[in-house]
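Scroll down for the structure; my scribbles are underneath it.
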Ligand code: HEM
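So this is what it looks like as structure tokens:
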């Protein structure tokens, strides 16, 4: 067994926080990233209306949730224990294009605000992975079609 597998939960938290600090990421940056990103989302023609419909003008609880979510991921704060997938499953009319635009906006926000290249890479990598897993649950159909996306072209045709 390697040392890595023997680390306790507490050691993993200390390590995560040290990695975040080395990238220049702290709670203040997480807060800034979330505020800046959702300012842009709000102003976006494609994503704005979806959020307007879901948050109904009451942005503060959503921003606070997103700060806890990203804080848990990057700083191991442990204060997010929600289940994001069902929330997205419940959004009507979501397509892969929405995810592309979401990721583009998130990446642009990181490029404009991240304290280091490592931080930029860390956040976009996490977001891409989560967006991919959401999309598998939302759009993948075992018969090879993608709901909301038309049919996957048959390579043999
Ligand atoms: C197509 C792209 C996306 C759209 C349109 C979208 C939209 C939304 C909406 C409308 C909510 C509910 C807001 C509320 O009622 O307060 C929400 C919640 C959330 N979203 Fe997304 N989202 C997208 C992609 C993502 C991605 C890629 C992530 C992760 C990196 C993410 C993470 C979350 C989380 C953590 C919540 C909070 C769930 C909870 O209440 O615990 N979303 N999203």
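Numbering (my numbering), first residue to last: 141 to 297.
The beta carbon of each residue, even a glycine, is placed where N, CA and C say it ideally should be.
Since we're looking at a predicted model, the values are computed, not measured.
For the ligand HEM, I want to know if residue 177 counts as a neighbour, meaning its beta carbon is within less than 7 Å of at least one of the ligand's heavy atoms. no
Would you mind sorting residue 206 into buried or exposed? The rule is 16 or more other CB atoms within 10 Å of its CB. buried
So, are the CB atoms of residue 242 and residue 204 less than 8 Å apart? no
Give the single residue among 228, 219, 213, 169 whose Cα lies nearest to the Cα of residue 194. 228
Assign residue 211 to buried or exposed, taking buried as 16 or more other Cβ atoms, counted over all protein chains shown, within 10 Å of its Cβ. Around the beta carbon of residue 211, 16 or more other beta carbons lie within 10 angstroms, which makes this residue buried.
Residue range of the unbroken alpha helix (DSSP H) whose run includes residue 98: Residue numbering for the chain in the displayed model covers 141 to 297; residue 98 lies beyond these limits and cannot be assessed.
Mind the definition here: the region 165-179 touches the region 243-261 only if three or more C-beta pairs lie below 8 Å; say whether that holds. yes
Work out the CA separation of residue 164 and residue 238 for me, nearest whole Å. 30 Å
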